[in-house]
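Worksheet: the structure to be examined is printed underneath.
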Amino acid sequence: MRIALLVTSSNEHCNGGCEFALVDLTPDLAALALRRISALKAQKELDPDIDETYYWAYFVDCYFDPWAESSIDEDEVEADGVAVGDMLDELQIEANGVVGVPESFRVPPSQRAAVECEQMIARADSIAFTAIPKHGSFRVETAEVTLAMLEAAAAPSVSRACR
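According to the numbering used here, the sequence shown holds residues 1 to 163 in order.
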């Protein structure tokens, strides 16, 4: 399952070109996230003050801005960018935060943002991803991927393991 997530920034004036993030929510990634949520819940039994756990992770395919100006003057890249922005608008990502996108969904290189220090955040009933835009002094964070979405994405992995 390929998903696009809305991104927010800790800097109210800049997001480093990180309007959205693209993640391939594979059965293996979903199963890993579910294990991490379970581990957090076990830790919470020992220490009720724990709120979330951060893991170094590079699972986000890319952070991007579909309305960024292209540095390459190619009609194809521009058409791809318009298509990306239009598709996200159609899927109402601004209202939903997380939307499924087709496997064919691609982000042109000129609209991808460079980031570092990528992490997965495990919470009691969801995960999110965070990173620092290259040369930035602030963080960006994705919308949360809910427990229900993780369980649905992990189902193929679980059913194969049970056979």
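All C-beta atoms, glycine included, are put in the ideal place defined by N, C-alpha and C. Computed from a prediction, not measured in an experiment: that's the story for all the values here.
CA-to-CA distance, L91 to A128, given in whole angstroms
Their backbone Cα atoms lie some 20 Å apart in a straight line.
Suppose contacts are defined by Cβ-Cβ distances below 8 Å. Is Y63 in contact with V115 by that definition?
Yes, they are a contact pair.
Is P170 helix, strand or coil when you go by DSSP?
The requested residue 170 is not part of the displayed model; the chain covers only 1 to 163.
Which first and last residues belong to the alpha helix (DSSP H) in which S38 is found?
Start and end: P27 to L46.
For the alpha helix (DSSP H) that L88 lies in, which residues bound it at each end?
D75 to E90
Assuming contact is defined by CB atoms lying nearer than 8 Å, are T53 and R36 in contact in what I supplied?
yes
Thinking C-beta only, is A30 closer than 8 Å to A154?
Cβ atoms of A154 and A30: closer than 8 Å.
Give a yes or no on contact between the segment 17–25 and the segment 133–143, applying the rule of three or more CB pairs nearer than 8 Å.
yes
Paired residues, beta bridge with L22 - DSSP
A4 and C62
Closest to K99 by CA distance: which of L88, P108 and R106 is it?
Looking at the sequence provided, one finds Val at residue 99 rather than Lys. Ranking L88, P108 and R106 by Cα distance to V99 puts L88 first.
Using the rule of at least 16 other Cβ atoms within 10 Å of the residue's Cβ for burial, across every protein chain shown, is L40 buried or exposed?
buried
Using C-beta distances below 8 Å, list every residue in its chain close to Y58, excluding the 5 sequence neighbours before and after it, in chain order.
Leaving aside the five residues that flank Y58 on each side, the residues in its chain whose CB is nearer than 8 Å to its CB run, in chain order, E118.
To the nearest angstrom, report how far apart L46 and R123 are at their CA atoms.
16 Å
Quickly, what does DSSP pair A143 with across the bridge? List them, please.
Answer is none; A143 lacks a bridge partner.
Tell me whether V82 is buried or exposed, calling it buried when 16 or more other Cβ atoms sit within 10 Å of its Cβ.
Per-residue confidence for V82 stands at a pLDDT of 48, beneath the threshold of 50, marking its modelled position as unreliable; the derived number appears in the next sentence. Looking at its Cβ environment, which holds fewer than 16 other Cβ atoms inside 10 Å, V82 is exposed.
Local Cβ density within 10 Å of P48, reported as buried at 16 or more and exposed below that
exposed
I need the boundaries of the beta strand (DSSP E) containing I121, first residue and last residue.
V115 to R123
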